[in-house]
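Please read the structure below before turning to the comments.
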Ligand code: PBG
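Residue numbers (our numbering): 36 to 368.
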């Protein structure tokens with residue numbers, strides 16, 4: 036290595052950094068609008084555009100506003116939107132998520148009608164729909180209340196069909212239930228949706244970076260936390276490889292690592308072990324709010340910090356970037 040690289044003064048690294056033209060010539064990573072996915076929060080009502088206090092610039096919106104929003108997103112050349120539904124009424128089983136007239140089903144129809152060239156991606160989970168705020172239905176296990184994995188799989192199957200029939204283009208299950216991909220695949224294939232791809236939240240850590248999202252989606256667990264189903268940040272990093280391998284074996288088409296910034300090592304690890312698999316990074320709500328807060332105080336330059344962070348995710352191996360800044364980034368590129 037040392038031999039063929041040479042050393043100073045023959046070698047001067049600054050030669051290729053001296054002006055923008057030469058820097059651009061050797062640039063290796065480029066952000067593209069088509070690789071971006073913008074998360075959107077939808078709710079009932081008309082003319083509703085409610086800013087989330089912990090996420091300045093991000094809104095809960097009713098379907099009429101969604102229609103305008105997705106036309107704008109499409110015109111920016113952005114790849115897709117990721118829909119999260121907030122139902123009027125929540126219950127133990129998250130029934131709104133299972134109804135063909137529920138908020139998410141109508142949201143999907145709205146996106147497809149108004150922005151046919153946008154990929155309509157849907158988050159498949161129950162925490163936004165259940166009164167208890169957990170990602171499935173509850174049961175007693177060994178003296179404690181927990182999400183019932185296998186009963187939730189049946190609900191996920193129904194939910195997947197609701198999204199598929201409404202016209203979703205890509206389903207993104209985020210509940211971290213064991214077997215969720217094969218359960219979905221079986222249900223989808225049996226009903227004529229074998230062409231519909233799945234982007235699995237394969238590697239999703241239980242952590243504190245989802246706080247602002249839970250304000251946005253009104254999905255904070257009413258008791259306990261998500262540590263019995265989401266991953267432990269202190270677990271062996273190779274656990275991420277097992278999660279990924281399982282989801283791929285079950286038929287996932289794209290895998291995701293979430294959050295992004297504190298988990299760039301995990302992105303890299305997954306990238307290197309599964310070179311042929313499209314990989315997404317979710318630049319989550321807490322990552323958004325931290326930068327926004329600092330930028331509002333004049334402590335950080337928002338644009339350059341965001342672009343630098345997304346480049347970091349790209350270098351780590353993510354080809355698909357899910358970010359609340361998607362619209363800004365598309366304009367900045
Ligand atoms: C739903 C879900 C969550 C996020 C995406 N899908 C929240 C959670 O797991 O509590 C978080 C996204 C973000 O923080 O931006 N299960």
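Every residue, glycine too, gets a C-beta built ideally from N, C-alpha and C.
Using a Cβ-Cβ distance cut-off of 8 Å, the segment 259 to 275 and the segment 315 to 331 are not in contact, since fewer than three pairs of beta carbons, one from each stretch, lie closer than that value. Across the set 213, 335, 360, 315, the C-alpha of 315 shows the shortest separation from the C-alpha of residue 350.
Collapsing the DSSP output to three states places residue 55 in a helix. In its chain, beyond the 5 residues on either side, 94, 96, 100 have a beta carbon closer than 6 Å to the beta carbon of residue 84. Spanning the alpha carbons of residue 211 and residue 43 requires a straight line of approximately 52 Å. The beta-carbon distance between residue 67 and residue 58, rounded to whole angstroms, is 19 Å. This is too long to meet the 8 Å contact definition. Here residue 252 has 76, 119, 121, 162, 163 as same chain residues with Cβ atoms under 8 Å from its own Cβ, once five neighbours each way along the sequence are excluded. Where residue 92 is concerned, the enclosing beta strand (DSSP E) starts and stops at 90 to 96.
By the criterion of a C-beta distance shorter than 7 Å, residue 367 is surrounded in its chain by 338, 342, once the five residues flanking it on both sides are discounted. With respect to residue 132, residue 197 sits close: the two C-beta atoms are nearer than 9 Å. Residue pairing for residue 235: DSSP places it in a beta bridge opposite 290. In this structure, the alpha-carbon of residue 149 lies about 32 Å from that of residue 217. A check of alpha carbon separations from residue 297 across 311, 307, 272 identifies 272 as the nearest. Pairing residue 302 with residue 346, the inter-Cα distance amounts to about 13 Å. The Cβ atoms of residue 238 and residue 279 sit closer than 9 Å to each other. Rounded to whole angstroms, the separation of the alpha carbons of residue 129 and residue 189 is 13 Å. When secondary structure is reduced to three states using DSSP, residue 301 falls in the helix class.
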